[in-house]
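Engineer:
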Amino acid sequence: MIVGIDLGTTRSAIAVVEAGMAGLLADAEGERLLPSVVHYPKKGAPIAGWPAQRQRALDPARTIYSVKRFIGQRTGDVREAERQVDYTLTGNPLAVKLGEDSVSPEAVSAEILKSLKARAELVLETEINRAVITVPAYFNDAQRQATKRAGAEAGFTVERILNEPTAAALACGLEKLPEQARVAVYDLGGGTFDLSILELREGVFQVLATHGNTRLGGDDIDQRIVDWLLERIDVNPDASLRARVREAAEVAKVALSTETEVTIQLPFVLGDTSFECVLSREKLEALATPVIEQTRAHCRQALADAGVAAAELNQVILVGGQTRMPLVRRRVSEWFECAEYAETRGDIRLGDSFHETDGPTLNTSQNPDEAVALGAAIQGAILSGDIRDMVLLDVTPLSLGLETFGGLMNVIIPRNTTVPTKAGEMFTNAVDGQRQMLVHVLQGEREKAVDNWSLGKFELGFKSAKRGAARVGVQFEIDADGILHVLARDTATGHEKVVEMKSAVDVDDMAVQQMVEESVEHAFEDMDARKWIEAALKAREAVNAARGGLEEFADELQNADAIRTALDLVESALETENDLPTLKGAVAKLDEATLPLADLMMDRAMEAVLRQRGMLD
Ligand code: ADP
Ligand code: MG
Numbered sequence: 014m015i016v017g018i019d020l021g022t023t024r025s026a027i028a029v030v031e032a033g034m035a036g037l038l039a040d041a042e043g044e045r046l047l048p049s050v051v052h053y054p055k056k057g058a059p060i061a062g063w064p065a066q067r068q069r070a071l072d073p074a075r076t077i078y079s080v081k082r083f084i085g086q087r088t089g090d091v092r093e094a095e096r097q098v099d100y101t102l103t104g105n106p107l108a109v110k111l112g113e114d115s116v117s118p119e120a121v122s123a124e125i126l127k128s129l130k131a132r133a134e135l136v137l138e139t140e141i142n143r144a145v146i147t148v149p150a151y152f153n154d155a156q157r158q159a160t161k162r163a164g165a166e167a168g169f170t171v172e173r174i175l176n177e178p179t180a181a182a183l184a185c186g187l188e189k190l191p192e193q194a195r196v197a198v199y200d201l202g203g204g205t206f207d208l209s210i211l212e213l214r215e216g217v218f219q220v221l222a223t224h225g226n227t228r229l230g231g232d233d234i235d236q237r238i239v240d241w242l243l244e245r246i247d248v249n250p251d252a253s254l255r256a257r258v259r260e261a262a263e264v265a266k267v268a269l270s271t272e273t274e275v276t277i278q279l280p281f282v283l284g285d286t287s288f289e290c291v292l293s294r295e296k297l298e299a300l301a302t303p304v305i306e307q308t309r310a311h312c313r314q315a316l317a318d319a320g321v322a323a324a325e326l327n328q329v330i331l332v333g334g335q336t337r338m339p340l341v342r343r344r345v346s347e348w349f350e351c352a353e354y355a356e357t358r359g360d361i362r363l364g365d366s367f368h369e370t371d372g373p374t375l376n377t378s379q380n381p382d383e384a385v386a387l388g389a390a391i392q393g394a395i396l397s398g399d400i401r402d403m404v405l406l407d408v409t410p411l412s413l414g415l416e417t418f419g420g421l422m423n424v425i426i427p428r429n430t431t432v433p434t435k436a437g438e439m440f441t442n443a444v445d446g447q448r449q450m451l452v453h454v455l456q457g458e459r460e461k462a463v464d465n466w467s468l469g470k471f472e473l474g475f476k477s478a479k480r481g482a483a484r485v486g487v488q489f490e491i492d493a494d495g496i497l498h499v500l501a502r503d504t505a506t507g508h509e510k511v512v513e514m515k516s517a518v519d520v521d522d523m524a525v526q527q528m529v530e531e532s533v534e535h536a537f538e539d540m541d542a543r544k545w546i547e548a549a550l551k552a553r554e555a556v557n558a559a560r561g562g563l564e565e566f567a568d569e570l571q572n573a574d575a576i577r578t579a580l581d582l583v584e585s586a587l588e589t590e591n592d593l594p595t596l597k598g599a600v601a602k603l604d605e606a607t608l609p610l611a612d613l614m615m616d617r618a619m620e621a622v623l624r625q626r627g628m629l630d
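Residue numbers (the working numbering): 14 to 630.
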């Protein structure tokens with residue numbers, strides 16, 4: 014039996030398919046969602062879930078929440094504002110400080126997974142050790158790897174890392190849609206946002222495009238309420254008060270999805286002073302609007318990437334607890350120009366959801382915070398053979414490639430390629446006698462290597478050869494979990510290295526979606542930079558060749574001075590560092606001037622060959 018796990022930023026859930034039915038497994042109290050919170054008491058074993066959640070206000074320094082934001086991340090990857098948590102982060106890669114010790118985000122996640130595992134074993138009365146675990150579509154390789162390690166640490170064989178939106182579509186049973194149906198999955202959870210466009214064809218899912226932000230969600234709305242409340246409470250909050258205010262803020266937010274007004278009470282905020290105030294839905298919506306508006310650009314970009322207009326979608330599926338908020342539903346249905354939608358869940362049913370209207374249907378058929386775990390369980394059942402006739406395809410969110418001569422990005426697997434996939438390219442040595450090649454793996458959309466994310470690098474030694482004579486084949490393989498394996502091989506000796514890209518993305522605080530936005534923003538200057546670098550490489554090659562030739566044949570050439578003048582021109586053009594037309598002009602002149610030289614060199618080379626073969630005396 015393979016269980017499905019939604020390892021969420023704020024809540025996690027575990028589901029299983031039994032007798033063809035997918036269902037969530039509840040704990041002894043009947044709770045289906047598990048807070049993704051782990052408390053580490055000073056003595057004794059860590060505790061996860063509800064009891065840990067209750068410790069957040071009491072012992073904030075030893076109670077870890079939202080750890081998904083840090084999994085597989087290095088310090089520079091996480092923005093300062095996102096590091097504002099009630100516990101202390103330390104080290105690189107990021108870990109959580111607990112007194113003298115520290116604990117990794119993987120280990121914290123493993124505690125959550127262990128708790129879910131125990132729950133499943135209790136309910137199913139059998140040992141469970143195989144799982145499908147979901148991650149946001151935008152998780153990079155390091156984050157996926159870390160999630161997989163967390164699963165292993167909890168005692169699972171992780172059969173598949175599955176993208177959350179794909180899982181949601183599975184849960185909605187969308188394989189039953191008519192041929193060529195397209196859907197958008199809008200997932201706004203506690204700490205992550207994703208918008209994915211999927212296409213369904215003959216029972217096969219394909220992700221056409223995904224866009225999102227791994228650090229945007231309901232938590233940000235809570236934070237805005239907290240700020241608003243703290244302004245009113247007007248005392249200097251310690252960590253414990255902060256945690257209490259946050260808790261109250263979330264309770265109020267959730268209540269305001271069904272109420273129009275709530276009273277927030279905080280007894281004994283300072284000594285025996287209590288605090289009380291009223292928050293209206295209207296005010297909440299004003300506070301939340303900037304957060305929700307941020308998701309709009311991602312929706313637009315995903316549509317653009319997929320080449321699909323909103324009106325061409327059949328459905329927009331809402332996923333993530335935060336999409337229970339009426340404001341989110343209103344905005345999303347406005348943006349996607351959805352056909353009439355019903356506020357209450359259950360009014361839209363699969364099968365009868367195709368109205369004769371223009372826009373897509375807003376699909377709220379599943380509980381938004383349960384759909385992902387259900388889909389993961391369905392994927393588990395597909396893998397174990399319990400469900401047949403369904404295949405899943407995912408895509409790469411960002412391009413993967415290598416750094417090449419001159420510091421350019423050489424794309425091997427373009428963005429939005431369906432995985433699993435394999436692609437390769439041959440490279441050669443840049444200088445005579447080179448014995449090592451640096452394989453520098455990059456992820457991103459920019460033309461210059463430095464503007465992309467560095468996934469890792471390694472050296473491959475090869476047999477010393479003349480410039481351009483060595484052949485190193487590099488192959489990228491992305492497996493079904495979205496994990497990248499890089500193989501580099503010296504074709505002369507067969508010597509090779511295979512490296513699984515484990516290292517965290519080694520960049521500053523750049524969010525993934527920024528990469529795409531910036532690549533669009535810098536498209537022209539990036540292209541100019543690439544053209545210049547390529548032209549400069551060619552020019553330097555021409556200069557080196559001409560200099561070598563001159564040294565050898567200057568005496569025999571009538572136009573040696575003209576070549577020297579042309580060489581100077583090229584060199585001064587190279588010094589401009591951006592004047593492409595001048596450089597091209599100078600190189601053209603040099604080419605012309607070196608024609609007699611080239612002829613001469615060719616003749617000599619021919620003579621040498623013939624002499625070697627004994628055909629000349
Ligand atoms: P994640 O996938 O990030 O763990 P979930 O999908 O469980 O998150 O969503 C959690 C977020 O949804 C939290 O910010 C929570 O406050 C919010 N949420 C849950 N229920 C509601 C509700 N009824 N109204 C508004 N927000 C809600
Ligand atoms: Mg989620």
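C-beta atoms are modelled at their ideal positions from N, C-alpha and C, and glycine is treated no differently.
(1) Report the residue ranges of all beta strand (DSSP E) runs contained in full by the segment 178 to 215; include only those spanning at least 3 residues, in chain order.
(2) CB Ile-174 to CB Thr-139, shorter than 9 Å?
(3) Could you please give the first and the last residue of the uninterrupted beta strand (DSSP E) stretch that includes Thr-276?
(4) For the ligand MG, is there a heavy atom less than 8 Å away from the beta-carbon of Glu-177?
(5) Pull up the distance between the alpha-carbon of Gly-43 and that of Val-136, whole angstroms please.
(6) Quick one, are the C-beta atoms of Gly-203 and Ala-155 less than 9 Å apart?
(7) Does the beta-carbon of Ala-322 have 16 or more other beta-carbons within 10 angstroms, so that it is buried, or is it exposed?
(8) Are the segment 593 to 603 and the segment 552 to 565 touching by the rule of at least three beta carbon pairs closer than 8 Å?
(9) How about Gly-17: is its Cβ closer than 8 Å to a heavy atom in the ligand MG?
(10) Please go through the same chain and pick out, in chain order, the residues whose beta-carbon is closer than 8 Å to the beta-carbon of Asp-5, but skip the five residues on each side of it.
(11) Do three or more CB pairs link the segment 179 to 194 to the segment 290 to 308 at distances below 8 Å?
(12) Since Gly-388 contacts Leu-183 with CB under 8 Å, what's their CB separation in whole angstroms?
(13) So what does Thr-336 bridge to, in DSSP terms?
(14) Would you call the CB atoms of Phe-288 and Arg-255 closer than 9 Å?
(15) Would you tell me roughly how many angstroms separate the C-alpha atoms of Asn-249 and Thr-160, rounded to the nearest one?
(16) Just to confirm the assignment: which complete beta strand (DSSP E) runs, minimum length 3, are found wholly within the segment 38 to 105?
(17) Looking at the secondary structure, which residues open and close the beta strand (DSSP E) in which Lys-110 lies?
(18) For the beta strand (DSSP E) containing Val-452, name the first residue and the last one.
(19) Arg-626 by DSSP, collapsed to three states: which one?
(20) Met-540: beta carbon under 8 Å from a heavy atom of the ligand ADP?
(21) Near Val-341, which residues of its chain fall below 7 Å by C-beta distance, leaving aside the five closest residues on each side in sequence?
(22) Please classify Ala-611 as buried or exposed, where buried requires at least 16 neighbouring CB atoms within 10 angstroms.
(23) Using C-beta distances below 7 Å, list every residue in its chain close to Leu-243, excluding the 5 sequence neighbours before and after it, in chain order.
(24) Provide the residue(s) that pair with Cys-290 in DSSP beta bridges, ordered along the chain.
(25) How would you call Lys-127, buried or exposed, if buried means at least 16 neighbouring beta carbons within 10 angstroms?
(26) Work out the CA separation of Gln-328 and Phe-367 for me, nearest whole Å.
(27) Mind checking Ile-15: buried by the 16 CB within 10 Å criterion, or exposed?
(28) Return yes when the C-beta of Val-345 is under 8 Å from any heavy atom of the ligand MG, and no when it is not.
(29) Run the CB neighbour count on Asp-90, radius 10 Å, all protein chains shown included, and call it buried at 16 or more, exposed below.
(30) What are the start and end residues of the beta strand (DSSP E) that includes Asn-376?
(31) Compare the C-beta of Ala-70 against all C-beta atoms of chain C and say whether one is closer than 9 Å.
(32) Going by the DSSP bridge assignment, what does Met-439 pair with across the sheet?
(33) Measuring alpha carbon to alpha carbon, tell me which of Val-275, Pro-280, Asp-285 and Thr-286 ends up nearest Leu-292.
(34) From this set, Leu-550, Asn-591 and Ser-412, which residue's C-alpha is nearest Gly-419's C-alpha?
(35) For a minimum of 3 consecutive residues, which ranges assigned as the beta strand (DSSP E) are wholly contained in the segment 109 to 157?
(36) In whole angstroms, what is the alpha-carbon distance linking Ala-621 and Phe-537?
Structural biologist: Quick look at the numbers:
(1) 194 to 201 and 206 to 214
(2) no
(3) 274 to 283
(4) yes
(5) 11 Å
(6) no
(7) exposed
(8) yes
(9) no
(10) The question about residue 5 has no answer, for the chain in this structure spans 14 to 630.
(11) no
(12) 4 Å
(13) Thr-336 is not bridged to any residue.
(14) no
(15) 37 Å
(16) 101 to 103
(17) 108 to 111
(18) 449 to 456
(19) coil
(20) no
(21) Leu-201, Ile-305 and Gln-335
(22) exposed
(23) Pro-250 and Val-258
(24) Ile-277
(25) buried
(26) Bear in mind that the predicted position of Phe-367 carries a pLDDT of just 37, short of 50, making it unreliable; the figure below should be weighed with that in mind. Those two C-alpha atoms are separated by around 9 Å.
(27) buried
(28) no
(29) buried
(30) 374 to 376
(31) The chain labelled as chain C is not found in the depicted structure, where only one protein chain is given.
(32) Gly-486
(33) Val-275
(34) Leu-550
(35) 114 to 116 and 143 to 148
(36) 48 Å
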